[in-house]
Structure formats: structure tokens, C-alpha cells
Amino acid sequence: EEDFEIIDKKQIPDAAELRNEEKAKPEEARWSAPILSLARKASENLALSYGSALKSASLVGLVSKPGSSDSPAKTSTRCHTMEERANLMNMMKLSIKILIQSALSLGRTLDSDFPPLQQFFVVLEHCLKHGLKVKKTFIGQNKSFFGPLELVEKLCPEASDIATSVKNLPELKTAVGRGRAWLYLALMQKKLADYLKVLLDHKHLLSEFYEPDALMMEEEGAVIVGLLVGLNVIDANLCLKGEDLDSQVGVIDFSLYLKETQDSDGKQDGGITAVLDQKHYVEELNRHLSCTVADLQNKIDCLEKTNSKLQEELAAATDRIGSLQEEQQQLKQQNELIRERSEKSVEVTKEDTKVELDTYKQSRQGLDEMYSDVWKQLKEEKKIRLELEKELELQIGMKTEMEIAMKLLEKDTHEKQDTLVALRQQLEEVKAINLQMFHKSQNAECSLQQKTEAISSFEGKTNEMMSSMKQMEERLQQAEKARQAAEERCNKMKQELAGRLDSCRQQMAQLDGKCSTLEKELKSEKEQRQTLQKELHQEKDATALLKTELQQMEGLKKELRKLQDEKQQLKKVREEQEQALQEMGLHLSQSKLKMEDIKEVNKALKGHTWLKDDEATHCKQCRKEFSISRRKHHCRNCGDIFCSTCSSNELALPSYPKPVRVCDNCHTLLLQQCSSNSS
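All letters in the sequence shown, in the order written, are residues 1 to 679 by UniProt numbering.
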């Protein structure tokens, strides 16, 4: 009883027929005259429209041709569904057009009692019900359009608020009532077209609820979604509480879409012009449909051509596959022959490699033994050289002490002539020390000669071993370089010692001459000897202190050298660590920026709670009470509820891909954060 159709241009009556019928009927029934005449014409021309629909379907390919195996019952059902889809789509166009015109002329937000809005929801409900599958349950058969609307919550997370609010309404007890409430809320959010577009993009999910030839599964569904975009101009404030959405009867009222006829002749002319306008509108729709049919025929021709080409390519591909299979068999045989040959060659090479490995291991053992002997000899030579260097350092230290002592003695002789007796004793001690040093130097020279002889003997041995150790030449060359450097150091030390000994001998000769002159003056200085002995004891103590201080200074010099070496190593380590720190600083700066973004997202998700509509009665910012004209709007950042003036800004948040509604406070805070991050 709720089905309807849009009539072809031949079905619309002329103006003369409408006038005759209006004169014949009483005044009370004049408003229903256009509807009755349209219904009568529709029943008369049903057969003609059915035949034309069959022809168009046969052209497109939906209805089988006279030689096909399809039964006439199937062709009739297909044509019937095509007519239903066309009628529903055209009726949807009319309802949307009249709703937008009436809303713009009214100039305010629409209520649930607005008749064009009620008829729009009725027509939309018919479109969603078209081609629904019947689901069997324990209670009985269920056929409701709320099932596919529940999928929107999974595909689009923004629709979760609508689904939760619909489920929380205690007044709704049936699936039909929940579906109607869902449509009301989607229209108030101005996202009805977006949600239905998401459903059409996932037709594999809609196939569970709709038949293949349903309106939502065909192109008419996409056309209706495009028409619904125009409803974003309308502001609607629909109250769901107190309305009985479960028991509403969805009947289409055609009186809204046809102008009422008036009593006077002038008003009758206005009604006729409105009907003629509707006639022209239907003609334009038919023209568009004929254009789409022609386009579909061209597409079918192109598809047939491509199909024939693909069949030819398939035949050529099968031939190629057969030839390739033959070649593959030949290649398999060749591979088997190659494998047999390769296995034989691998066995031969394995035997050869085993023999070579045995010989290599034997030669390697001999070389390792020779290398270990040479390495031990080198270690012993290094130890001997270290001991020699320590002895030389001790001798150099003693010589430096001697030089300091001689200088002190010279100063004392010039300053104090009374200390001659003590100086003689000190000179005798110095002579004894020099003799000891001379003997030690001779002993050191003898030991050096012995060591050089041993080194020469080692060199002969190494020359003999070089013939049998060609593989070890590279490692021995490094050891020889180190040995040559040590020899050069020893020669240099010898030269320095010889020069210092000559200088010491010259100084001793000078001191002997001075001593001869001093002995002559001893007789006159004996009287002062007793007085000077006390001073000599004091000076001896001072010299002992100076010696200890000199030893401490030498130790400090060694420590300074060690510290300088450690300083250079630490400088290198510091430079490497500075480079590593610079790289780590870059990585840390990048990671800090990422962490700040993540923290902002976590703050937006954890720190704010989403207020329910029932909890807020006043705007949080301007504190104005909400009413029918002043609607509630959620801030997507803080979750609080504001009026439209206090939440007119939009920004892109990390949790939302597109710009969403934000209150004024959150808008200023987010802009400051963006400016600080960019700086």
C-alpha cells in the first residue's frame, strides 16, 4: 500500500482536462482532483510503462532476449524492481527539493512537526527498506533498516555518539524506532550524507542485509547520497523525547508535491502552471535517464570488444604456455645431466682438498713452533734492554747530582774561604764517587759490548731462519725496526756518556790545581777550622734536604710526563665524546618533539571527559541557558558543551584527521602550542 511511482510525461494530464474535471466536481473535493487524475492515468498506462521498461532492460542486458533461458517471471520481477528504484529515486528528489525550498522560505530551525520534514523521513525510510533481506529469529521474521545503520559506528568512529545515544533512549523498543531516531540525530549533525556514503563505499558489508538488486546496492543509492548533501543548508532541532517513533505509520502524502487548486480562475491558472512545471521537471528527468541508458549501451559495446580481445589473448597465452612447458621439460633433463657431472667433480675436489689440508696442517705446526721460539727470544731481548735503560737512567741521575754538588762547592769556595778543610774532605768523597762511577761506566760498557755481541749472534741466527720463514717476514720486520731504534738510542746514550766523562775529567784537573793552591793556605786556616765545623754540619743538613728535594723533583717530572700523555689521550676521548654528544643531542631533540606530540594526544584523550547532553543545561563560557534556538555543541578537545557562538572555531587535532569543532579557549591554547613548536 505504501509503494508509489513517478509517471512518464504522457501520464500527466493536460490543463484542459484538469479544468473540466474541476468544474464537474464539488468545491470540497477540488484539492484531491490532481491526485486522483494522476492515479487514474497511472493505472491506464501501467502496461505501456511496463513494456518500455522491459525494452530498456533488454538493451542494458538485465532482461534476457527472446532466445535466452530466463523465465518470464524473472524478467517481470527485474523490471518491477527497476521501476521501484526509479520511482523511489525521483520521489526522493522531489521531497528534498520541497524540503529545502520550504525551509529557506520559513527562515528558522525546523521542528519534528514540520510536514515536509516528516515526508522526507518517510521517503528515506522507504528507500532504506527497499530490497532488505528477511532475517529469521526465534520470535519470527525480522525486516528492519537499523541493521545496516549500525555498521556506520564500526566504519566511522564519529558516529559512535549517535549509536550510544540511540541505545540509551528507554522509549525506543523496536528496531524501526531506533533507525528513525538514528536518522533524526544524523540530520541534526549535518552528516547524514557522509554516513550513508561510508556505507556505499563498503558494499561487501551491505550485501549481508540487502538483495543484489536493492536500491542501496545500485547506482541510484549513490545519486540519493549526492542529493542528501544539499540538506546541510538546513538547521533542524528535533526532540526525540516524548515522541512515539515505534508506532508511526510511514505513508507518503502526495498532496504536498502537487499545488492546491483555488476557486477563482486566476488561482486555477496558478495551479495549472505548477502542474506544468512539474511536468517539465519530469521530462528533464526522463531526458537524463535516456542519456544514461545511451552511455550504458556504449559501455556495453566497449566491454564486448575488450572481451573479444581478451579471448584472443587467452588463446595466444595458452599456446605460449604449452611451448614453455615443453622447454621446461627439456631444461629439467639438462639440469639432471649437469647435476650428475657436478656431483662427480665435487667428489674429486673434496678428495684433493683433504690432501691439501693435511699438508697445510703439518707445515703450519712447524711454522708455529719456529714462531714461538723466535717470540720468546725477542721477549728476553726486550727485558734485557729495559734493564739497561734503567741502569743508564740511574747513572744519568748520579751525574746530575755530581754537577749540582760541584757548582755548590764552587760557590762556597768563592764566598767562604774558611771552609777549605771541609771542602778537602768533600773533594775526597767526590773523587771516590767519581771512581765508583767510572768503574760502573766501564762495567756498563763491558755489559753493552757483551749484549751487542749477543745481538750480533742473534742476528746471524735470524738470518739463517729467514730462509725457512718467508711467510713470517712481515711480522719480523716490525720487530727488527724496533730493535734498530733501541740500538740507535743506546749509541746516542753512549755518546752522551763519553762527552760527560770528558767534561768531568777536565773539571777534576781544574780541581786538582785549585787543591794545590789551597794546601799552601791550610796552615793559616787551621785556627778557623773549629769555628767553621759547626757551620759545616748545618750546611750538610741543608745539602741533604736539597738532595731529597731534587729526588722529589725528578719524581714529579716523571709524573708530569705521564700526566701529559694521559692528557693527550683524554683530549682524544673528549673529542670523540663531543661528537657523540652532538649526534645524541640531535636525536634527543627529534625524540622530544615526538614525545611532546604524544603527550598532547594523551592529554587530549585522558585529561578531558566527554560530558553527556543531560548533564549540561547552560553554556560553560557565556553561561546562557540552552533552548530550541540555542543548541548544544561538544568541544572535541576538552569534551565540554558550549553554544554555537562560543564553539564556532575549527582546528585539526591529533586524534581527528579533519578539522573539528573547538571552543574559544581550546582554540587559543592550541594556536599558542603550534606557534611555540614551530619556533
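Beta carbons are placed, not taken as given, at the ideal position from N, Cα and C, and that holds for glycine. Note that the structure is a prediction, hence the values are computed from the model and not measured.
- For Ala186, the closest C-alpha among the options Asn335, Asp640, Leu149, Arg574 is that of Leu149.
- For the pair Met188 and Asp235, the Cα-to-Cα distance works out to about 7 Å.
- Setting aside the 5 residues that flank it on each side, Leu409 is surrounded in the same chain by Leu423, Gln426, each with a C-beta closer than 7 Å to its C-beta; the list follows chain order.
- Per DSSP, reduced to three states, the secondary structure at Phe642 is strand.
- For Val223, the uninterrupted alpha helix (DSSP H) run begins and ends at 219-228, by DSSP.
- Taking C-beta atoms as the reference points, Leu611 and Arg636 fail to come closer than 8 Å.
- Among the bridge pairs identified by DSSP, Pro654 is matched with none.
- Residue pairing for Glu625: DSSP places it in a beta bridge opposite His618.
- One alpha carbon belongs to Arg78, the other to His130, and they sit about 14 Å apart.
- With a beta-carbon spacing of about 6 Å, Met92 and Leu227 fall inside the 8 Å limit used to define contacts.
- A contact between stretches requires three or more CB pairs, one per stretch, nearer than 8 Å, and the segment 432-440 meets this requirement with the segment 387-405.
- About 11 Å separates the CB atoms of Cys638 and Asp664; that is not less than 8 Å, and the two are not in contact.
- Closest in C-alpha terms to His126, from the list Glu208, Ile252, Gly107, Ala486, comes Ile252.
- Nearest C-alpha to Phe209 among Phe145, Glu243, Glu527: Phe145.
- The three-state reading of DSSP puts His537 in helix, counting H, G and I together.
- Under DSSP, Val348 shares a beta bridge with no residue.
- Here DSSP, grouped into helix, strand and coil, assigns Ala236 to strand.
- Note: Leu132 is bridge-paired with Tyr210 in the DSSP secondary-structure output.
- Note that the C-beta distance between Ala193 and Val225 is below 8 Å.
- DSSP places Pro148 in the uninterrupted alpha helix (DSSP H) bounded by 146-155.
- Val176: member of the alpha helix (DSSP H) spanning 175-189, first to last residue.
- Residue pairing for Asn649: DSSP places it in a beta bridge opposite Val662.
- Beta-bridge pairing by DSSP links Leu110 to Ala236.
- Taking all protein chains in view, the Cβ of Met216 is crowded by 16 or more other Cβ atoms within 10 Å, so the residue is classified as buried.
- The residue from His280, Val275, Leu124, Val421 with its alpha-carbon nearest to that of Gln530 is Val421.
- In this structure Asn237 does not touch Ile641 by the C-beta definition: roughly 15 Å separates them, more than the 8 Å allowed.
- A distance below 8 Å separates the beta carbons of Asn649 and Val662.
- The C-beta of Leu386 has fewer than 16 other C-beta atoms within 10 Å across all chains shown, which makes the residue exposed.
- Checking the DSSP bridge columns, you'll see His633 partnered with Phe642.
- Selection Glu356, Leu132, Gly230, Asp113 evaluated against Asp244 yields Asp113 as nearest (Cα-Cα).
- Listed in chain order, the non-local C-beta contacts of Asp213 below 6 Å within the same chain comprise Thr81, local neighbours out to five positions each way being set aside.
- Counting C-beta atoms within 10 angstroms of its own C-beta, Arg85 has 16 or more neighbours from the protein chains shown and is therefore classed as buried.
- Along the segment 286-311, the alpha helix (DSSP H) does not occur as any fully enclosed run of 4 or more residues.
- Per DSSP, Ala163 is one residue of the alpha helix (DSSP H) stretching across 160-167.
- About 6 Å separates the CB atoms of Ser644 and Arg631; that is less than 8 Å, so the two are in contact.
- Judged by DSSP in its simplified three-state form, Asp194 adopts helix.
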